[in-house]
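There are 4 protein chains.
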Amino acid sequence: MSNFHIKYGETVLIWDEEKKKSFLFVLKQGGELGTHKGKILHDDIAGKIEGSVVLSSTGARFRIFRPFVADKMMKVQRKTQIVYPKDAAWLVLSMDIKPGMRIIEMGTGSGAFTILLAQLVGPEGKIYTYDRREDFLENAKANIRKAGLEDRVVFGLLNAGEPFPVKDVDAVFLDLPEPWLAIVPAWDSLVPGKALAIIVPTAEQLKKSVEVLIDTGFAVMDVVEILERKILVRKKEGVRPFEKMIGFTGYLIYARKLIK
Amino acid sequence: MSNFHIKYGETVLIWDEEKKKSFLFVLKQGGELGTHKGKILHDDIAGKIEGSVVLSSTGARFRIFRPFVADKMMKVQRKTQIVYPKDAAWLVLSMDIKPGMRIIEMGTGSGAFTILLAQLVGPEGKIYTYDRREDFLENAKANIRKAGLEDRVVFGLLNAGEPFPVKDVDAVFLDLPEPWLAIVPAWDSLVPGKALAIIVPTAEQLKKSVEVLIDTGFAVMDVVEILERKILVRKKEGVRPFEKMIGFTGYLIYARKLIK
Amino acid sequence: MSNFHIKYGETVLIWDEEKKKSFLFVLKQGGELGTHKGKILHDDIAGKIEGSVVLSSTGARFRIFRPFVADKMMKVQRKTQIVYPKDAAWLVLSMDIKPGMRIIEMGTGSGAFTILLAQLVGPEGKIYTYDRREDFLENAKANIRKAGLEDRVVFGLLNAGEPFPVKDVDAVFLDLPEPWLAIVPAWDSLVPGKALAIIVPTAEQLKKSVEVLIDTGFAVMDVVEILERKILVRKKEGVRPFEKMIGFTGYLIYARKLIK
Amino acid sequence: MSNFHIKYGETVLIWDEEKKKSFLFVLKQGGELGTHKGKILHDDIAGKIEGSVVLSSTGARFRIFRPFVADKMMKVQRKTQIVYPKDAAWLVLSMDIKPGMRIIEMGTGSGAFTILLAQLVGPEGKIYTYDRREDFLENAKANIRKAGLEDRVVFGLLNAGEPFPVKDVDAVFLDLPEPWLAIVPAWDSLVPGKALAIIVPTAEQLKKSVEVLIDTGFAVMDVVEILERKILVRKKEGVRPFEKMIGFTGYLIYARKLIK
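These protein sequence lines are chains A, B, C and D, in that order.
In this text, residue positions in the first sequence follow this note's numbering: the first is 280, and each later residue adds one.
In this text, residue positions in the second sequence follow this note's numbering: the first is 280, and each later residue adds one.
In this text, residue positions in the third sequence follow this note's numbering: the first is 280, and each later residue adds one.
In this text, residue positions in the fourth sequence follow this note's numbering: the first is 280, and each later residue adds one.
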């Protein structure tokens, strides 16, 4: 059984019941959170149980939660586009992620997907994440530390096309402007039969990636895009999809390493 | 590092390079697999490495893989509709599944989603899965045994509305004709703040579920449907979505337990 | 051949080449149009040919067009939600609209769909459009007058459920909060075999409408929603769908009148 | 008022109430129609009113209709892919089609879209349709004759890139493997400001078309794809989208002619 009561030092998610808006922050003695509906005192949260109410200075009702992994992903300090939860979820399943796996990721970006991978491989797994930019790595490190997962992640500075320093990994994920440059290194580092997954924003990058995958010795198992359609459910007005939606975030590829 | 060579007794996935068609079966000494392109001898597979080629009796090239969890899900013996990987992936992320969790699922159905949950909670986690039909449970048990995950799964016969025999679980998932009947039992069994997820096929069931969730003391965090659009990538003809697509599989709800 | 040169008194569409933003206005001697990129003098447009350039006071390039029917629809003075072109187009085809037809529409709303219907039935057709609100009718009249189509449209004040004053029409279209109230009147006014089309925003309204259609003596031929996905095509960055999209505007029904 | 009673020589649509399946045929004295539910005698239909019932030899109930334009489009004798009604509808609106217009279409294909254009321009309009293949033109001619619209259509044999024999047309539509070849001829034949619309199946063809449009002197107003999602509405089981859907038919472009 988990320890129910929230303590100082923990990361907390505050959720506005009415507007469905949420805030993520670290709970500090004497701290204050400014919201669109007045201030919330950290001391009013400490010692409470998840799911309970905290009132803001204007009397607005907020709910207290510990963040889920998707909350942490969405709330990272962003220096880049992130892999959205809807795509991340599909990728995780396609790459057959499970506890204990060793996984290469490149580029690290803001570390949102790294957080999910690190959560899923558990304390015995390891994520090796690479980026060509020192500043992205530093930012991602801070994000992953905030998520409490830094002991499962190894960071490295690397350019696309350079060999990965680790071998016999169970999966590789590429999120790069020119992912095809890293496909041969990915093949070299993967256990036979295991998955390489890629996200790309355009049809041209998709085509080039698939061509290089086939030429390098991968079986291209699936190419998709994922659309998440949010549904509005209201007692009086009834059920219908929301008027606005995110129309596109990227094409997703999943391939498996072949041997001659 | 995994043991690369495939042995008798293992479950194997055979993939037709040209047609992208795959077959799942247990490797047996002297065994034979009939395909749309002739026979494949099990003895030609034993001892090979994942990703290598096996030829059928007609000379067709197949690739040898160990199945991924999504392959196992799609290839269960079906006595019911299954939760499709695209939906399962979203649910897993929304429920914040991680190693070591204890999860309630109802109904078990054919056990496809059970397999995914069991893989992700790892050897220290546990899935408590309930169904009102003995025959579904028996079939699901066989599917989960084939997936090698039976030691992480506890099965139980239960009608919707009856209390769940386990308490303080980290997540609950409902896939029932009348999921609202199981919402109060789910609240009773969940750790505060943790997730209840539901899949339903129609707008009416969606509405009723959301209403009962709110009345019972849940925060409804998200309601979506997930569309997976497969993309055709061909060297000569170019990139475009496939002409056929699965248009709908269900509405997905994710809520978190509140306390007074 | 049409008269190419644009004259004072005509409605003109000005299109910003760079931002793809457009403005609709009536050309007046001495007039000025304020844009996000400076002023445009009406006198710089008069006498020009469609497709030619006009420069704003800041030197920005705009293109001169006569508005298409979809421009007129999108630019009506709105007092209500309008039927969007993507839905309007589907409805027109489903209702088998053609020159010379006599059509009932209820409610008129802002008159956007009325404009399209009036254009397509031509000078020999007639649109009978009804609304329960005088102010909507007045606003719609002004919009349709601006579109130059007022001689093809007859306006009437009517509550849902009241009989339509015209009979033997070739099609009926309903855009109402409670369209089922007008289904019997629609049956009474339609030529046998002809189409009744309905747009509704929620699943509940859809269900009730379909049930009343069947009970009244209609064959429900098709129920759909239309998603328009805008695609970004850029020389350097390549092809991909836009990140934002309109996720939902309504469910569309098309039925045909049966006789006993 | 239309002539209600159906006569020999007319094209009739028979609709299976239960299966929603339909048949299109010309009514002949003594004729018989074989269906999945037994025979229907043409003589049982002649003299009836649209919307009335005819029984098959097995007692199954069918409804009698005159076909709508979308029925005619879907039921053409196909020698090629056709432009589907959902796309055709969008194109018609984007091209600002109205009674009296003169329109160029290339290629003719099976003539499905030609039928719609011919219906909408009315008896005073004209469709000039070109194809490089004599056999396609012959087949399309037969389809358009069956639709009763042959007097509004002029057919011509033409290769992509050759100048169109007519000038000052109000719209041009291209449905070709290499539409860019016909963009300069389209510019030459169009009235300034008027629309050129194109349908293409792949991202690569889309990109090339857009590039040539811009280079030739067109304003690219919109690039979209249209998804039609069919909704299942059942009294008992409730409302949800169909499980199967057509995932893709083509990218649609609409541009307007510019002058220097």
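A virtual CB, placed ideally from N, CA and C, is assigned to each residue, including glycine.
D:His315 is bridged by DSSP to D:Gly317. Taking all protein chains in view, the Cβ of C:Ser488 is crowded by 16 or more other Cβ atoms within 10 Å, so the residue is classified as buried. CA-to-CA, the gap between D:Leu436 and A:Gln360 works out to about 51 Å. Counting along the chain, no alpha helix (DSSP H) covers B:Arg535; the unbroken beta strand (DSSP E) around it starts and ends at Tyr530 to Lys536. If you look at A:Asp501, you'll find it in the beta strand (DSSP E) that goes Phe497 to Arg513.
Counting only Cβ-Cβ distances below 8 Å, C:Arg508 has contacts in chain D at Val503, Glu504, Ile505 and Leu506, in chain order. With 16 or more neighbouring CB atoms inside 10 Å of its own CB, C:Ser373 falls in the buried class.
In this structure B:Pro346 is buried. Its beta-carbon is surrounded by 16 or more other beta-carbon atoms within 10 angstroms. As computed with DSSP, A:Trp294 is found in a beta bridge with A:Ser301 and A:Arg342. Here B:Arg412 carries a coil assignment [DSSP, helix/strand/coil].
At least one C-beta of chain D is nearer than 7 Å to the C-beta of C:Val518.
For B:Trp459, not one C-beta of chain A is nearer than 7 Å to its own C-beta. In this structure, A:Tyr407 lies near A:Val445, with their beta-carbon atoms less than 7 Å apart. Between A:Arg381 and A:Lys405, the gap from beta carbon to beta carbon is short of 7 Å. In summary, the residues of the segment 452 to 484 of chain D whose CB is separated from some CB of chain A by less than 8 Å are Ala482 and Glu483, in the order they occur in the chain. For C:Asp350, the enclosing alpha helix (DSSP H) starts and ends at Val348 to Met353. Counting along the chain, the unbroken alpha helix (DSSP H) around C:Asp467 starts and ends at Ile462 to Ser468.
Close CB contacts of A:Asp501 within its chain, under the 6 Å cut and outside five residues either way in sequence, are with Tyr533 (chain order). Think of a sphere of 7 Å around the beta carbon of A:Ser331: the chain B residues whose beta carbon falls inside it are Ile538, in chain order. At a beta-carbon threshold of 9 Å, the residues of chain D lying near C:Gly401 are Lys377, Pro378, Gly379, Gly401 and Glu403, ordered along the chain. D:Glu297 has its alpha-carbon roughly 26 Å from the corresponding atom of C:Ala461. Between A:Phe392 and chain C, the shortest Cβ-Cβ separation is not below 7 Å. Neighbours of B:Glu417 in chain A, taken as residues whose beta carbon is under 8 Å from its own, are absent, since the nearest beta carbon is some 26 Å off. Between the segment 410 to 423 of chain C and the segment 470 to 483 of chain C there are fewer than three inter-stretch CB-CB distances shorter than 8 Å, so the stretches are not counted as touching.
Proximity of A:Gly435 to chain C, defined by a Cβ-Cβ separation below 7 Å, is not satisfied. Flagged as an interface residue toward chain D: B:Lys523, by a C-beta distance shorter than 7 Å.
Beta-carbon to beta-carbon, C:Glu289 and C:Leu306 are separated by about 5 Å, close enough to satisfy the 8 Å threshold. Scanning C:Ile510, C:Phe497, C:Lys514 and C:Pro480 for the CA closest to the CA of D:Ile493 turns up C:Lys514. Of the candidates C:Glu441, C:Arg424, C:Gly317 and C:Tyr363, the residue whose Cα lies closest to the Cα of C:Ser468 is C:Glu441. In this chain, the alpha helix (DSSP H) harbouring C:Leu399 covers Ala391 to Val400.
Inclusion of A:Ser335 and A:Lys358 in the CB contact set at 7 Å is not warranted, their separation being larger than that value. Partner residues in the beta bridge of A:Met524, as assigned by DSSP, are C:Met524. Put simply, of A:Ile319, A:Phe344, A:Glu457 and A:Met353 the residue whose alpha carbon is nearest the alpha carbon of A:Met385 is A:Glu457. Closer than 7 Å to the CB of A:Phe304 there is not a single CB belonging to chain C.
Under the three-state reduction of DSSP output, D:Arg519 falls in the strand class. For A:Val448, DSSP records a beta bridge to A:Leu469.
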